[in-house]
Amino acid sequence: MNCQDIDAHLADYLGDELGAGERAAFEAHLGECPKCRAEVHALDGTIEALRALPGVSADDAQRQTADLIVMRRPSLVRRVMFASLRAAAMIGLGVMLGWATFGRGGDSSSLQGGGVAAQLVVERGTIERGLHPAWYKRGRQVASAPSSFARHLAMIAPRHDSHVAPVSNVAPVSNR
Amino acid sequence: MTEATRARVYQWAYRLLQNHHDALDATQDVLLKWLRYAGREIESGEAWLRRTTVNHCIDLIRKRRPISMGDGAAAWQERDRRRVTDEDIRDRIAMGLSGLTDSQRAVVVAKVYDGQRFTTIADSLRVSVSTVKTHYIRGLRALRASLADLGED
Numbered sequence: 047m048n049c050q051d052i053d054a055h056l057a058d059y060l061g062d063e064l065g066a067g068e069r070a071a072f073e074a075h076l077g078e079c080p081k082c083r084a085e086v087h088a089l090d091g092t093i094e095a096l097r098a099l100p101g102v103s104a105d106d107a108q109r110q111t112a113d114l115i116v117m118r119r120p121s122l123v124r125r126v127m128f129a130s131l132r133a134a135a136m137i138g139l140g141v142m143l144g145w146a147t148f149g150r151g152g153d154s155s156s157l158q159g160g161g162v163a164a165q166l167v168v169e170r171g172t173i174e175r176g177l178h179p180a181w182y183k184r185g186r187q188v189a190s191a192p193s194s195f196a197r198h199l200a201m202i203a204p205r206h207d208s209h210v211a212p213v214s215n216v217a218p219v220s221n222r
Numbered sequence: 002m003t004e005a006t007r008a009r010v011y012q013w014a015y016r017l018l019q020n021h022h023d024a025l026d027a028t029q030d031v032l033l034k035w036l037r038y039a040g041r042e043i044e045s046g047e048a049w050l051r052r053t054t055v056n057h058c059i060d061l062i063r064k065r066r067p068i069s070m071g072d073g074a075a076a077w078q079e080r081d082r083r084r085v086t087d088e089d090i091r092d093r094i095a096m097g098l099s100g101l102t103d104s105q106r107a108v109v110v111a112k113v114y115d116g117q118r119f120t121t122i123a124d125s126l127r128v129s130v131s132t133v134k135t136h137y138i139r140g141l142r143a144l145r146a147s148l149a150d151l152g153e154d
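Here's what the structure looks like:
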């Protein structure tokens, strides 16, 4: 092999896809040519550096992702349809509550009362959703109950192996 | 969505992020993208997932969240002292990979981390074997500069 052959077989050599005979010829040339040897050595070192990052086995990966449930988000049409139905139901409920609360008479105040109650119900629904926008959005996209629970538990509970600062420098707190 | 597919995505994410919680988050994000975009790409499903996972993880590392979820502050500081070299290697590799073209990155990750044969990579990317080999060598040469001192350790 000459330097041009080395260049042509470089990928196969580094990718470990060279036959035994070609491999021997390739390495024989490396023994003679410092330029090619330096090039191959540098690229080999690059591959080793990439492999310095440890990975996980397929079994471990399956175990870690066993609780992961990925669901398709409902389409825009479905989301709009359900939101409209919810709003209509709330307004209807509000009107019925207003009717029951402010009387069934034929005067204008009862209709006004129904309107106010409907508005209150709608606003309550809006505020409830507004308090949990992340949860509301994420809950529709991904559900991973056990792993999510474990992760949140890990956030608030101290780990057994964690380094905890000594408490001797903290003034003792009396019961009173 | 098979268990094996989820595990594959997790393996790629873990390799680049070196952290279980971040890898699990990345797996969820990538699989959601998969549900939305699968089937619209030229390459095979596995190639799409690999490329998307690697790109997603590189984006995450670029954003460099200072504290990973799941660790207390004291535990994090302790780990920070102990694993500074690992973190450094991870970031350098991610930055090195981010400097490659999409095709070079796809080939390098498939070959180095998954140990796939050039013919398999060529099939999944729908390109010729010689193109894959060219991407591999050019990708490694581009990475050499950014990772040179790591390789000497």
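Protein chains in written order, with this note's numbering: chain E, 47 to 222; chain U, 2 to 154. Ideal Cβ placement from N, Cα and C applies to all residues, glycine included.
Rounded to whole angstroms, GLY144 (chain E) and SER130 (chain E) show a C-alpha spacing of 21 Å. Taking C-alpha positions only, GLU47 (chain U) is separated from TRP13 (chain U) by approximately 12 Å. With its beta carbon less than 8 Å from one in chain U, VAL102 (chain E) belongs to the interface. A distance below 8 Å separates the beta carbons of LEU148 (chain U) and ARG93 (chain U). Between LEU114 (chain E) and GLN29 (chain U), the beta carbon gap of about 6 Å places them in contact (Cβ cut-off 8 Å). For PHE119 (chain U) against VAL133 (chain U), the beta-carbon gap comes to about 5 Å, under 8 Å, which counts as contact. In the three-state scheme derived from DSSP, where H, G and I count as helix and E and B as strand, VAL109 (chain U) is classed as helix.
With 16 or more other CB atoms across the displayed protein chains lying within 10 angstroms of its CB, MET136 (chain E) is buried. Looking at the backbone, the Cα of ALA66 (chain E) and that of GLY101 (chain E) are separated by about 29 Å. Within the stretch 73 to 106 of chain E, contact with chain U at the beta-carbon level (separation under 7 Å) is assigned to ALA88, LEU89, GLY91, THR92, ILE93, GLU94, ALA95, LEU96, ARG97, ALA98, LEU99, GLY101, VAL102, ALA104. By the Cβ-count criterion, GLY97 (chain U) is buried, with 16 or more other Cβ atoms from all chains shown falling within 10 Å of its own Cβ. The beta carbons of THR92 (chain E) and LEU101 (chain U) sit no closer together than 8 Å. DSSP, read as helix, strand or coil, puts ASN56 (chain U) in helix.
Taking a 10 Å sphere around the C-beta of GLN117 (chain U), we find 16 or more other C-beta atoms and assign the residue as buried.
Rounded to the nearest angstrom, the gap between the Cα atoms of LEU139 (chain E) and THR147 (chain E) is 12 Å.
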